[in-house]
Amino acid sequence: MAKKSAEKVEELQNVYFVYGDEEMMVEEALERLKGILATQVDADFNMEVLDASEVGVDHVIDSAETIPLLSPRRLVIARNVDRLTQRDQSTLAEYLDRPNEATTLVLVAHIPKAGEQRDQKALKKVEGSALCKKAGERGRVLKFTMGTRGRQQKVTDWVSDQFKRRGKRIEPAARDLLIENVGVELRDLQDAVERVCLYSADFDVIKIEQVSQVVRPAADQGVFDLIDAVAERRRDISLYLLNRLVQQGESPQRLFSLLLGQFRLIARCKSLASEHAPDEIAGILGVPQFRAGKALRQSRRFSAERLRAVFGEFAGAQVELHSSRYLDDRDYQTHVMEMLIVKVIG
C-alpha cells in the first residue's frame, strides 16, 4: 500500500486518502485495512463503510468522531468523497485538522467501475483538490493506477502475484495465455485466477493445460453476457445475444445447460441468504465468492414463487429441445430458447 504498510491496529494512520483508476487494486487495499482491524478487534462494532455522496459530510464526520467500542481503534471508510460539493469537502478537510485519534478515516475518491473509461484528467483533479492535499498533510495518500506506459508488463506481474498469494506459481506461457484470453482488466483477471486455482487445487504449478481448460477466449464472453442478461431480466439484449451466439455457431443446447446451471445456483443462493452471510454462502456451495456474489445479487430479482415457475419453464423447454418439428432442428432449438428466455424474464 505504501513504502511501509501498517501491520497492526496501532500502526494505522488517522487518515488515508485512496484513489486511482484501478478498482481492483483499490479494493484490495481496503480489504487489507479491514483485515488489520478484524484480526485484533470486533469489526462488527468498530467498522463502518459509507457512501459520502449519499449520506452527506455530517454523517461521515459523526461516524469518524464515534468512540470505538471495546477496541483501541475504529475504521470508517467513506467512498465517493470527490462527489461531495466543494463546501462539504472543505468541511471534511477542517475535520482532518482535529481528527478523532481513535479513528482511522479512509477517504476514497475516483474509482471508475468496470467498463468505464480511465480519465487521467479526473485523477489530476482529485490530486489537486484541497481535501487530497490536507489528507496528505495529516495522513497518507495512496494512488492506485497502472497508467498506459508499460501497462502490459505491470498486468503480467500482477497476475503472477495473484497466483503467488494463493500458494501457486504460473508458468509464463500459461500466464500469457490467460491474459490473451481474458484481457487486461484486473477485475476480469482476478475472476479468472480464482477459477483456475479452484480447478487446479491439486497443482502447485499452473501450466497451459489448466488455463486452457478453464479460461475461454474473450470471444466466448458473449455466452456469459447472455446468462447475466437473462438473470438480470433484460429481455431485448438477451434475445439479441442469443441470436448472435447461434449465428456464430454456438449450440442452443449448450446455452440451455449453462443457463439452467446459473438458475440452479441463483435458487440455492436465495435459499441460503436468509441465514448466511454472502461469504459463507460461497463456502457452503463450494464456488468462488465472485460467482456466489453475482448469483446472490441476481436472486433478488426473482421471488421464491417465481423461481419455481422458472424451473417449470426449463423443464418444458428441455423436452422441446429434443423434439422434432417442421423447422430445421437448429432453427427450432433457437426458437425454443427464445420462448424460454421470454418466459423466464417475464
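Residue numbers for the sequence shown, in my numbering: 3 to 348.
Here a beta-carbon is modelled for each residue, glycine too, at the ideal position from N, C-alpha and C.
When the Cα atoms are used, what is the spatial distance from residue i to residue j?
{"i": "glycine 348", "j": "arginine 235", "result": "8 Å"}
{"i": "threonine 336", "j": "alanine 40", "result": "51 Å"}
{"i": "aspartate 281", "j": "alanine 294", "result": "8 Å"}
{"i": "threonine 105", "j": "alanine 111", "result": "19 Å"}
{"i": "phenylalanine 226", "j": "phenylalanine 316", "result": "18 Å"}
{"i": "proline 174", "j": "aspartate 64", "result": "50 Å"}
{"i": "leucine 107", "j": "isoleucine 181", "result": "36 Å"}
{"i": "glycine 138", "j": "valine 83", "result": "15 Å"}
{"i": "aspartate 178", "j": "glutamate 187", "result": "14 Å"}
{"i": "alanine 132", "j": "lysine 36", "result": "26 Å"}
{"i": "alanine 116", "j": "threonine 158", "result": "Any answer about alanine 116 is weak, because its pLDDT of 47 lies below 50 and its placement is not dependable; what the coordinates show is given next. Roughly 19 Å separates the two Cα atoms."}
{"i": "aspartate 146", "j": "glutamate 29", "result": "For the sequence presented, residue 146 should be read as phenylalanine rather than aspartate. For phenylalanine 146 and glutamate 29, the distance between alpha carbons rounds to 10 Å."}
{"i": "leucine 287", "j": "asparagine 245", "result": "32 Å"}
{"i": "serine 305", "j": "lysine 272", "result": "9 Å"}
{"i": "tyrosine 334", "j": "leucine 323", "result": "8 Å"}
{"i": "leucine 241", "j": "leucine 228", "result": "8 Å"}
{"i": "glutamine 15", "j": "arginine 142", "result": "7 Å"}
{"i": "glycine 22", "j": "lysine 126", "result": "10 Å"}
{"i": "leucine 200", "j": "arginine 168", "result": "10 Å"}
{"i": "glutamate 252", "j": "alanine 54", "result": "45 Å"}
{"i": "isoleucine 79", "j": "valine 321", "result": "52 Å"}
{"i": "arginine 303", "j": "leucine 247", "result": "25 Å"}
{"i": "arginine 332", "j": "glutamine 249", "result": "10 Å"}
{"i": "arginine 34", "j": "lysine 123", "result": "28 Å"}
{"i": "glutamate 13", "j": "glutamate 103", "result": "12 Å"}
{"i": "arginine 256", "j": "arginine 308", "result": "24 Å"}
{"i": "threonine 68", "j": "aspartate 238", "result": "48 Å"}
{"i": "leucine 72", "j": "aspartate 230", "result": "43 Å"}
{"i": "valine 161", "j": "isoleucine 210", "result": "15 Å"}
{"i": "lysine 136", "j": "alanine 31", "result": "21 Å"}
{"i": "valine 51", "j": "serine 325", "result": "53 Å"}
{"i": "arginine 270", "j": "alanine 284", "result": "11 Å"}
{"i": "arginine 1", "j": "leucine 144", "result": "Here the chain has residues from 3 to 348 only, and residue 1 is not among them."}
{"i": "lysine 166", "j": "alanine 45", "result": "28 Å"}
{"i": "lysine 296", "j": "methionine 27", "result": "20 Å"}
DSSP beta-bridge partners for residue i?
{"i": "glutamate 182", "result": "In DSSP, glutamate 182 forms no bridge with anything."}
{"i": "alanine 111", "result": "Tyr21"}
{"i": "arginine 142", "result": "Tyr18"}
{"i": "arginine 81", "result": "Asp53"}
{"i": "threonine 158", "result": "Threonine 158 pairs with nothing; no bridge assigned."}
{"i": "valine 207", "result": "Arg171"}
{"i": "arginine 76", "result": "Thr105"}
My guess is that residue i and residue j are in contact by the Cβ rule of under 8 Å, so how many angstroms apart are they, rounded?
{"i": "methionine 339", "j": "proline 254", "result": "5 Å"}
{"i": "arginine 76", "j": "asparagine 48", "result": "5 Å"}
{"i": "alanine 319", "j": "phenylalanine 265", "result": "No, alanine 319 and phenylalanine 265 are not in contact; Cβ-Cβ is about 12 Å, not under 8 Å."}
{"i": "leucine 298", "j": "alanine 275", "result": "6 Å"}
{"i": "serine 202", "j": "isoleucine 208", "result": "6 Å"}
{"i": "proline 70", "j": "valine 17", "result": "In fact, because the Cβ distance is near 16 Å, the residues do not count as touching under 8 Å."}
{"i": "glutamine 164", "j": "valine 184", "result": "12 Å between Cβ atoms; not a contact."}
{"i": "isoleucine 343", "j": "serine 301", "result": "Not a contact, Cβ separation roughly 18 Å."}
{"i": "valine 59", "j": "aspartate 90", "result": "4 Å"}
{"i": "valine 62", "j": "leucine 94", "result": "7 Å"}
{"i": "arginine 189", "j": "glutamate 25", "result": "6 Å"}
{"i": "leucine 86", "j": "valine 20", "result": "Not really, about 15 Å apart at Cβ, beyond 8 Å."}
{"i": "leucine 261", "j": "valine 232", "result": "6 Å"}
{"i": "leucine 98", "j": "arginine 140", "result": "5 Å"}
{"i": "valine 289", "j": "valine 312", "result": "No, valine 289 and valine 312 are not in contact; Cβ-Cβ is about 20 Å, not under 8 Å."}
{"i": "arginine 171", "j": "aspartate 193", "result": "Not quite, the Cβ-Cβ distance comes to about 20 Å (not below 8 Å), so this is no contact."}
{"i": "glutamine 212", "j": "alanine 176", "result": "7 Å"}
Between which two residues does the beta strand (DSSP E) harbouring residue i extend?
{"i": "methionine 49", "result": "49 to 53"}
Assuming residue i is part of the alpha helix (DSSP H), what are its boundary residues?
{"i": "leucine 247", "result": "237 to 249"}
{"i": "leucine 72", "result": "Counting along the chain, leucine 72 falls outside any alpha helix (DSSP H), and DSSP gives it neither H nor E."}
{"i": "alanine 275", "result": "254 to 275"}
{"i": "glutamine 88", "result": "88 to 99"}
{"i": "threonine 147", "result": "Looking at the DSSP string, threonine 147 is not in any alpha helix (DSSP H), and its letter there is neither H nor E."}
{"i": "glutamate 196", "result": "188 to 201"}
{"i": "glutamine 335", "result": "331 to 347"}
{"i": "lysine 122", "result": "According to the sequence shown, residue 122 is glutamine rather than lysine. Unbroken alpha helix (DSSP H) run through glutamine 122: 122 to 129."}
Determine, using beta carbons only, whether residue i comes closer than 8 Å to chain B.
{"i": "isoleucine 172", "result": "In the structure shown, chain B cannot be found, because there is only a single protein chain."}
Nearer than 7 Å: is that true of the beta carbon of residue i relative to any heavy atom of the ligand FAD?
{"i": "glutamate 29", "result": "Inclusion of the ligand FAD in the displayed structure is not the case, the ligand content being empty and no account of it being possible."}
- request: Scan the stretch 285 to 328 and note each continuous alpha helix (DSSP H) run of 4 residues or more that stays entirely inside, going in chain order.
  value: The alpha helix (DSSP H) runs lying completely inside the stretch 285 to 328 and spanning 4 residues or more are 291 to 301 and 306 to 323, given in chain order.
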